Amino acid sequence: MSRSLALPALPLAALLLLSTLTSAALAQAGQPDPGFSILAQPSGITEPTPDENTPDTSNERYTVIGPHLGRDAYLALRGSENDQVLRTRWQIERSSLDGEPLDGEQREIVIGDGYVTETGTAERVIQDFITARTLTRVPALDGPVMRSAPIVSHVHRQMNTFAYYTEGGTLDSVTGPGGTSFDRFWIEAAMGVRLARADLVSTITEAGTTEVRRTAEGQPVFSHVDDGLGAGQPAALFRGWLQHAVPVHPDALATLTDEAGIPERFSFLVYSPSSPDGRRETWTRLSSHEDEASFPWPEGLEPARADTYQIDDPAIRALLQTGLDAASQPSAAPAAEDFLAAADAAQRRADPSGAYLALYQISHHQGPCGSDTPSPVCNRMSQVTAAGIGNTTFETLMSGISRMQSDRVAALTILREHLHRDGFDGAAANLLAAQALAAVRSSQPETLPDMDLASLFAASASNDPYAPMAFWHGGRYAASQGDVETAWLLFDIARALPASHSLPPSVEAIAMSEQLQTLAPGFFVTTASPAAQTVADEETVGSDEN
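Position one of the sequence shown corresponds to residue 1 (full-length UniProt numbering), numbered consecutively onward.
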């Protein structure tokens, strides 16, 4: 049975994101995704007004925390040097609903200053709530490396999966893999997201156990006994980690309060494709003690290269690696003089098309030229245009660029003749062609030419690794293909490159992140670290509340 969700209970930001969820789910099923067109302005995104603050990238201390950072730079920006940790060891027992034991294990969870990690795992995962990133130590050919992904990418994946199985949140009952049907409550628990607050009944027994039920007569879906251990920030961090680690409904998990501390014991029900008849999982704290330990990113452990992330498309993998290399060396970014020099060289070759494209490429760094933004490059574009009149190749190129909105197939046909170029002119030609191809792919798939969109992004970036828009558009394309994890890595790169604050990456990525945090706040923990405050300050850019 399906019904319309009670949308008035949703915050406005959640409503704005819903339009992209169904399309993203369709993309996972291999269907074209109209909701992540790289040309379309996302719903709910507004340009900053003059009285709003924007990050000042002219300040050397302004650096986006992203996958390109090595250990020392990451820790310096993180800003926390407290080595106090709380080590907790747990006995975990799983049983059927009639009490028959299934299996058990022990796990050690370490709560540090703004982070939580688990020891003894092959791929050690660190949930760093100060930076809102998930760090994962993984093996590589030359030794282990550290992956770094924003937590919002995981939330985006969870939302896409939720939207896929619930048809955008409209179904009360969902069918999982293998044809097993579940009440929507259980996929909300598995994904850690919901679009409306669940009606739960919470009671405290005479023995002090908090029990959470879906109905007053039902069995507890979540229960916990608290003893005050780690009351305050450690308890908040542990609860945030649980949202990532266990399939407990976020509204049930919210009954764990900071004041009550880390629970001494907790138990929850699970219904899933692997447990269609249900099972109960019980965690009992065996021990806890305070200790000292440095942040668990060992010295000498390098940041992961693109080939250690799970990226199937080799062109997207190459695009990410180009971005990682560029973002780690921002001082090598081109200046206006470099674009002017490239245009001069093209004009000396009697190539007005190359000169114009080389100058056009600066728009992928700083935005398009406008009457209110005079600059030497923009002024030179006017001169090159005037000088190119009468050159057939140049006039054809200008005709193609002018058709980017009205006749994209024709524009693409013209731009194909310039894809062989290198340098700034090649970067511009490939990115313009990628934009045209993406639009054709979305609106006119029957006329789609035999071209690889991801390769166009990669070619553009290889010719100019410091153009934020190549990575921003490439990220939106990756998201349209269902690869939201890579999309957010590319968004990080786009924001980390110099001058990106004047382009969509600094506004739209923040707005999308805020929407996802609104939908799934349990995955995030507010910390008192200076680095966390810097992130919070950045995320006010483009907010409707400012």
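Note that beta-carbon positions come from the ideal geometry of N, C-alpha and C, so glycine has one too.
Computed from a prediction, not measured in an experiment: that's the story for all the values here.
- Comparing C-alpha distances from A122 to each of T322, V138, T486 and D128 shows the shortest one belongs to V138.
- Per the Cβ contact rule, the segment 186-201 is in contact with the segment 242-254 (3 or more Cβ pairs under 8 Å).
- Measuring C-alpha to C-alpha distances from I187 to each of L269, G370, G426 and T205 identifies L269 as the nearest.
- A contact between stretches requires three or more CB pairs, one per stretch, nearer than 8 Å, and the segment 161-178 fails this requirement with the segment 215-232.
- Its chain contains G192, P250, L253, G522 and F523 as the residues whose beta carbon lies nearer than 7 Å to that of Q243, once the 5 sequence neighbours on both sides are disregarded; these appear in chain order.
- CA-CA distance, D172 to T255, rounds to 24 Å.
- Using a 10 angstroms sphere on the CB of Q444, the tally of other CB atoms stays under 16, which defines it as exposed.
- E514 sits in a helix when the DSSP states are folded into three classes.
- Its Cα nearest to that of T486, the residue I316 stands out among I316, R184, D452 and D425.
- Remark: C-beta atoms of A479 and L431 do not approach each other more closely than 8 Å.
- Ranked by Cα distance from A231, the first of L86, I130, G278 and G474 is L86.
- Distance between A509 and V484, taken at the CA atoms: about 13 Å.
- C-alpha of Q233 to C-alpha of T257: approximately 10 Å in a straight line.
- Distance between Q127 and Q91, taken at the CA atoms: about 21 Å.
- Going by beta carbons, Q321 and F339 fall outside the 8 Å limit.
- The segment 213-286 is shown to contain whole alpha helix (DSSP H) runs of 4 or more residues at 233-245 and 250-253, in chain order.
- In terms of CA proximity to P273, V174 leads the group G475, D291, V174 and S371.
- When rounded, the separation of the alpha-carbon atoms in H289 and T88 is 7 Å.
- Under the Cβ criterion (8 Å, minimum of three pairs), the segment 371-385 counts as touching the segment 339-354.
- Under a 10 Å Cβ-count criterion, P374 is classified as exposed, with fewer than 16 other Cβ atoms of the shown protein chains found around its own Cβ.
- Bounds of the beta strand (DSSP E) holding Y115 are Y115 to E118.
- Put simply, of R107, A494, L141 and D226 the residue whose alpha carbon is nearest the alpha carbon of E302 is L141.
- When DSSP states are grouped into helix, strand and coil, L77 belongs to the helix group.
- If you look at W90, you'll find it in the beta strand (DSSP E) that goes Q84 to S96.
- In this structure, the beta-carbon distance from A428 to G323 does not fall below 8 Å.
- Counting of Cβ neighbours within 10 angstroms places T527 among the buried residues, the total reaching 16 or more.
- L229 and I262 do touch by the CB rule: their CB atoms are close to 5 Å apart, below 8 Å.
- If you keep only unbroken alpha helix (DSSP H) runs of at least 4 residues inside the segment 419-499, you get 423-443, 453-463, 468-480 and 484-496.
- The Cβ atoms of Y271 and F182 sit closer than 8 Å to each other.
- Classified as exposed, H420 has fewer than 16 neighbouring CB atoms from the shown chains inside 10 Å of its CB.
- In the three-state scheme derived from DSSP, where H, G and I count as helix and E and B as strand, I414 is classed as helix.
- The bridge partners DSSP lists for R133 are D128 and P150.
- Note on geometry: alpha-carbon atoms of H501 and G178 lie some 46 Å from one another.
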